[in-house]
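Student: Dropping a structure here in structure tokens format, bear with me for questions.
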């Protein structure tokens, strides 16, 4: 355990990350892992993967169209930069 103080010194030198960034990263990690597991279970329950993708895309499109005013993309330049 002689390396524990060295690890502590290294961690102290790292830049401080805002709590929001860590929270966002943790949420993304949990969401991504959860979707992978749920998609595997969904394909097992409904062995038609293309149909499952169509259902998911239809749900996503309907949800986005219903709540489009709540979505903030940024400027037109930002949306073209990340969307194309």
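In this note's numbering, the protein residues as written are 689 to 772. Cβ atoms here follow ideal geometry from the backbone N, Cα and C, with glycine treated the same way.
1. Grouping DSSP H, G and I as helix and E and B as strand, with all else coil, what is residue 704?
2. If you draw a straight line from the alpha carbon of residue 696 to that of residue 760, how long is it in whole angstroms?
3. Given a cut-off of 9 Å on the beta-carbon distance, is the pair residue 793 and residue 730 in contact?
4. Is residue 726 near the ligand HEM - that is, is its Cβ less than 8 Å away from at least one heavy atom of it?
Tutor: In short:
1. For the purposes of this step, residue 704 is taken as the residue at position 16 of the chain shown. Per DSSP, reduced to three states, the secondary structure at residue 704 is coil, with no helix or strand assignment.
2. Position 8 of the chain shown, counted from the first residue, corresponds to residue 696. Position 72 of the chain shown, counted from the first residue, corresponds to residue 760. Rounded to whole angstroms, residue 696 and residue 760 show a C-alpha spacing of 40 Å.
3. Limits of the chain in this structure are 689 at one end and 772 at the other, which puts residue 793 out of reach.
4. Summarising the ligand content, the structure contains no ligands, and the ligand HEM is consequently not present.
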